[in-house]
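Visitor:
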Amino acid sequence: MITPTHYMLLSAALFMIGVIGVMVRRNIIIIFMSIELILNAVNINLIAFSAQLQNAVGQVFAIFVIAVAAAEAAVGLGIILAFYRNKETVNIDEMNLMRW
Amino acid sequence: MGEAIAFYFISACILGFAVLVITTKDTVHSVLFLVLDFLFVAALYVLLGAQFLAAIQILVYAGGIVVLYLFVVMLVNLKRPPEAHSDPHRQTKWGFALSVAVLVELSAVAAYSVASPSPPLAAAVAAAPSIPVTGNTEEVGWLLYTSYLIPFEIASMLLLVAMIGAIVLAKREL
Numbered sequence: 000m001i002t003p004t005h006y007m008l009l010s011a012a013l014f015m016i017g018v019i020g021v022m023v024r025r026n027i028i029i030i031f032m033s034i035e036l037i038l039n040a041v042n043i044n045l046i047a048f049s050a051q052l053q054n055a056v057g058q059v060f061a062i063f064v065i066a067v068a069a070a071e072a073a074v075g076l077g078i079i080l081a082f083y084r085n086k087e088t089v090n091i092d093e094m095n096l097m098r099w
Numbered sequence: 000m001g002e003a004i005a006f007y008f009i010s011a012c013i014l015g016f017a018v019l020v021i022t023t024k025d026t027v028h029s030v031l032f033l034v035l036d037f038l039f040v041a042a043l044y045v046l047l048g049a050q051f052l053a054a055i056q057i058l059v060y061a062g063g064i065v066v067l068y069l070f071v072v073m074l075v076n077l078k079r080p081p082e083a084h085s086d087p088h089r090q091t092k093w094g095f096a097l098s099v100a101v102l103v104e105l106s107a108v109a110a111y112s113v114a115s116p117s118p119p120l121a122a123a124v125a126a127a128p129s130i131p132v133t134g135n136t137e138e139v140g141w142l143l144y145t146s147y148l149i150p151f152e153i154a155s156m157l158l159l160v161a162m163i164g165a166i167v168l169a170k171r172e173l
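Sequence order for the protein chains is Z and S. Numbering follows numbering that gives the first Met the number 0, with no gaps: position 73 of the first sequence is 72. Numbering follows numbering that gives the first Met the number 0, with no gaps: position 26 of the second sequence is 25.
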């Protein structure tokens, strides 16, 4: 029998993988992908509880999360492109200037 | 039984591909593993009875966002991989330590919730509005256009602003 606890543990594990990716990797594109993994973990949680409670509100909130993730990816990747054009790098260790 | 097998198989694939996403050296491979990960998350949504969300997941994530990532990975043609440059001030150990701290917190929450289960959710289930519809898509659509109409409009405004912002940022000169 699969209970919401199973889904919560899966979601926590996926969240952790995302956090480790954000903390450890230096390539900012990989860090953005880790953030997508974290948002997916949140969505799994929302939909598991939506199924448990027989209430579709969780799915509505998951749609909002997906909309915010799409906006975040578009703006974030635009920033990466603008930065790359100026400094020829996507390494976060070299992103230490507020202006140049 | 079948549900359990499907759940464990899909979970193993989700976690395995997620680990591959953050460990692979080649960024393009990482993006492709991300596509597979999103597809298995969509399969999990189908298992949970949220077919509309599964379709959205495939269309928006696997079809839209990942293509955006691939474009950027190929535009920033890296002669010098980012991992080659090592900053002497980089605190990888601290990064792992902070991740472990988050893991400990999540485990504590899980252990606490298993040790003292919350009261049955009968009240919450009874409070769910009765919607005169059948089917998952119709249910979600009904909620989006009645109770959550204003958040829905705000989300559309957010997407418009993000679109304009991305164009402004990525254009060389306006």
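We put the CB at the ideal spot given by N, CA and C, even for glycine.
#1: How about the segment 106–115 of chain S and the segment 12–32 of chain Z: do they share at least three Cβ pairs that are nearer than 8 Å?
#2: Where Ala47 (chain Z) and Val41 (chain Z) are concerned, what is the direct C-alpha to C-alpha distance, given to the nearest angstrom?
#3: I'd like to know if Asn42 (chain Z) contacts chain S, where contact means its C-beta is closer than 9 Å to some C-beta of that chain.
#4: Relative to the alpha-carbon of Phe37 (chain S), which residue among Z:Asn54, Z:Pro3, Z:Leu13 and Z:Ala50 has its alpha-carbon at the smallest distance?
#5: If you count every other CB in all the chains shown that lies within 10 Å of the CB of Glu138 (chain S), and 16 or more means buried, which is it?
#6: Could you compute how far the alpha carbon of Phe8 (chain S) sits from the alpha carbon of Leu52 (chain Z)?
#7: For the alpha helix (DSSP H) containing Gln50 (chain S), name the first residue and the last one.
#8: Taking 8 Å as the threshold, find out whether the segment 75–86 of chain Z comes into contact with the segment 60–80 of chain S through three or more Cβ pairs.
#9: Excluding sequence positions up to five away, which residues of its chain have a Cβ less than 6 Å from the Cβ of Leu35 (chain S)?
#10: Mind checking Gly62 (chain S): buried by the 16 CB within 10 Å criterion, or exposed?
#11: Can you list the residues of chain Z that Gly63 (chain S) reaches, using a CB-CB cut of under 8 Å?
#12: In the DSSP assignment, find the unbroken alpha helix (DSSP H) run with Asn54 (chain Z) in it and report its ends.
#13: Could you compute how far the alpha carbon of Ala55 (chain Z) sits from the alpha carbon of Phe32 (chain S)?
#14: Taking its Cβ as the centre, do 16 or more other Cβ atoms sit within 10 Å of Gln58 (chain Z), making it buried, or is it exposed?
#15: For Ala165 (chain S), which residues of its own chain have a beta-carbon under 6 Å away from its beta-carbon, when the five flanking residues on both sides are left out?
#16: By Cβ distance below 8 Å, which residues in the same chain neighbour Glu2 (chain S) in space, the five residues on each side in sequence not counted?
#17: Checking 9 Å against the spacing of the C-beta atoms, do Leu52 (chain S) and Ala61 (chain Z) come in under that value?
#18: State the beta-bridge partners of Asn26 (chain Z) as determined by DSSP.
#19: My assumption, with CB atoms under 8 Å, is that Leu69 (chain Z) sits in contact with Leu158 (chain S). Please give the rounded CB distance.
#20: What is the C-beta distance between Ala66 (chain Z) and Ala169 (chain S), in whole angstroms, given that I count them as a contact (C-beta under 8 Å)?
#21: Label Phe31 (chain Z) either buried or exposed according to how many other C-beta atoms from any shown protein chain fall within 10 Å of its C-beta, with 16 as the threshold for buried.
#22: Which residues, in order along the segment 0–11 of chain Z, keep a beta-carbon less than 9 Å from a beta-carbon of chain S?
#23: Report yes if the C-beta distance between Leu9 (chain Z) and Ser146 (chain S) is below 9 Å; otherwise report no.
#24: Classify Ser10 (chain S) as helix, strand or coil using the three-state DSSP reduction.
#25: Over what stretch of residues does the alpha helix (DSSP H) that includes Val27 (chain S) continue unbroken?
#26: Please state if the CB of Asn90 (chain Z) and the CB of Asn26 (chain Z) are separated by a distance shorter than 9 Å.
#27: Under a three-way DSSP split, which group does Val75 (chain S) fall into?
Guide: Let me lay it out:
#1: no
#2: What you label residue 47 (chain Z) is simply residue 48 of the first sequence in a count that begins at 1. What you label residue 41 (chain Z) is simply residue 42 of the first sequence in a count that begins at 1. Computed Cα separation, rounded: 10 Å.
#3: Your numbering for residue 42 (chain Z) matches position 43 in the first sequence. Answer yes: the Cβ-Cβ gap between Asn42 (chain Z) and chain S drops below 9 Å somewhere.
#4: Locating residue 37 (chain S) in the second sequence gives position 38, where the first residue counts as 1. The shortest Cα separation from Phe37 (chain S) among Z:Asn54, Z:Pro3, Z:Leu13 and Z:Ala50 belongs to Z:Leu13.
#5: Residue 138 (chain S) sits at position 139 when you count from the first residue of the second sequence. Glu138 (chain S) comes out buried.
#6: As a first step, residue 8 (chain S) must be located in the second sequence, where it is residue number 9. As a first step, residue 52 (chain Z) must be located in the first sequence, where it is residue number 53. Put simply, the backbone Cα of Phe8 (chain S) is about 24 Å away from that of Leu52 (chain Z).
#7: If you number the second sequence from 1, residue 50 (chain S) lands on position 51. Segment Gln50 to Ile55, the alpha helix (DSSP H) holding Gln50 (chain S).
#8: yes
#9: Your numbering for residue 35 (chain S) matches position 36 in the second sequence. Counting only Cβ-Cβ distances below 6 Å, and skipping sequence neighbours, we find Phe16.
#10: Position 63 of the second sequence holds residue 62 (chain S). Label assigned to Gly62 (chain S): exposed.
#11: If you number the second sequence from 1, residue 63 (chain S) lands on position 64. In chain order: Ala69.
#12: Here residue 54 (chain Z) corresponds to residue number 55 of the first sequence, with the count starting at 1. Where Asn54 (chain Z) is concerned, there is no enclosing alpha helix (DSSP H), given that its DSSP letter is neither H nor E.
#13: Here residue 55 (chain Z) is taken as the residue at index 56 of the first sequence, counted from 1. Here residue 32 (chain S) is taken as the residue at index 33 of the second sequence, counted from 1. Across the structure, Ala55 (chain Z) and Phe32 (chain S) are spaced so that their CA atoms are roughly 30 Å apart.
#14: Your numbering for residue 58 (chain Z) matches position 59 in the first sequence. Per the 10 Å Cβ criterion, buried.
#15: On the second sequence, position 166 is the one that residue 165 (chain S) refers to. There are no such residues.
#16: For the purposes of this step, residue 2 (chain S) is taken as the residue at position 3 of the second sequence. Leu46, listed in sequence order.
#17: Mapped onto the second sequence, residue 52 (chain S) falls at position 53. Mapped onto the first sequence, residue 61 (chain Z) falls at position 62. The Cβ atoms of Leu52 (chain S) and Ala61 (chain Z) lie closer than 9 Å to each other.
#18: Counting from one through the first sequence, the residue named residue 26 (chain Z) turns up at place 27. Z:Asn90.
#19: Along the first sequence, one-based indexing puts residue 69 (chain Z) at 70. Along the second sequence, one-based indexing puts residue 158 (chain S) at 159. Per the sequence presented here, residue 69 (chain Z) reads as Ala, with Leu not at that position. So it is a contact: roughly 7 Å between Cβ atoms.
#20: The residue you call residue 66 (chain Z) lines up with position 67 of the first sequence. The residue you call residue 169 (chain S) lines up with position 170 of the second sequence. Not quite, the Cβ-Cβ distance comes to about 20 Å (not below 8 Å), so this is no contact.
#21: In the first sequence, residue 31 (chain Z) corresponds to position 32, counting from 1. Its Cβ being crowded by 16 or more others within 10 Å, Phe31 (chain Z) is buried.
#22: Met0, Ile1, Thr4, His5, Tyr6, Met7, Leu8, Leu9 and Ala11
#23: As a first step, residue 9 (chain Z) must be located in the first sequence, where it is residue number 10. As a first step, residue 146 (chain S) must be located in the second sequence, where it is residue number 147. Cβ distance not < 9 Å, so Leu9 (chain Z) and Ser146 (chain S) don't count as in contact.
#24: Here residue 10 (chain S) refers to the residue found at position 11 of the second sequence. Here Ser10 (chain S) sits in helix by DSSP.
#25: Sequence index remark: in the second sequence, residue 27 (chain S) carries index 28 (1-based). Residues Thr26 to Leu46.
#26: Numbered from 1 along the first sequence, position 27 holds the residue referred to as residue 26 (chain Z). Numbered from 1 along the first sequence, position 91 holds the residue referred to as residue 90 (chain Z). Yes, the Cβ-Cβ distance between Asn26 (chain Z) and Asn90 (chain Z) is below 9 Å.
#27: Stepping through the second sequence from its first residue, residue 75 (chain S) is reached at position 76. Looking at Val75 (chain S) - three-state DSSP - the assignment turns out to be coil, as it is neither helix nor strand.
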